[in-house]
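In mature numbering (1 follows the signal peptide of the UniProt record, and there is no 0), the protein residues as written are -25 to -1, 1 to 101.
Beta carbons: idealized from backbone N, C-alpha and C, even for Gly.
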């Protein structure tokens, strides 16, 4: 390998190391409403309405975890996080991996665009 190739590779690796972590992809709230239909068996986004097996998600974006009138697991109550789009993205990827002991019986949304769309939709539900 030539010195020029090594130098180029070094600059590329340095640039990658200095790049900020990728933010959550831009979501489409209309598509998110469709993806959210997978969630309605347990959750609602209608303010003031009692949800099913899960908490009401109206106003979740920006809210501290485990703080609405719902019987949260001790793990969720103790989670010292606020639901930012990045935290929601991590949680929706695989809930049990982010908050061990959470009662959310959902494997997660593996598709990053589906997650971004759901988060965009939830952001509209105040």
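From the DSSP output, in three-state form, read off residue 24 for me. coil
From residue 18 to residue 30, what does the alpha carbon distance come to, in whole angstroms? 6 Å
CB-CB under 7 Å to residue 78, same chain, minus the five flanking residues each way: which ones, in chain order? 48
Mind checking who residue 52 pairs with in its DSSP beta bridge? None, per the DSSP bridge assignment.
For the candidate residues 5, 54, 26, whose alpha-carbon lies nearest to that of residue 38? 54
Assuming contact is defined by CB atoms lying nearer than 8 Å, are residue 93 and residue 58 in contact in what I supplied? no
Under 8 Å by Cβ, that's how I've got residue 16 and residue 100 pegged, so tell me the actual separation to the nearest angstrom. Incorrect: roughly 17 Å between the Cβ atoms, too far for contact.
Beta-ladder partner(s) of residue 39, from DSSP: 57
Skipping 5 residues on each side, what residues in its chain have a beta carbon closer than 7 Å to that of residue -1? 87, 88, 91
Delimiting residues of the alpha helix (DSSP H) encompassing residue 154: Given that the chain is displayed from residue -25 to residue 101, the structure contains no residue 154 and the question cannot be resolved.
Exposure of residue 40, with buried meaning 16 or more beta-carbon neighbours within 10 Å: buried
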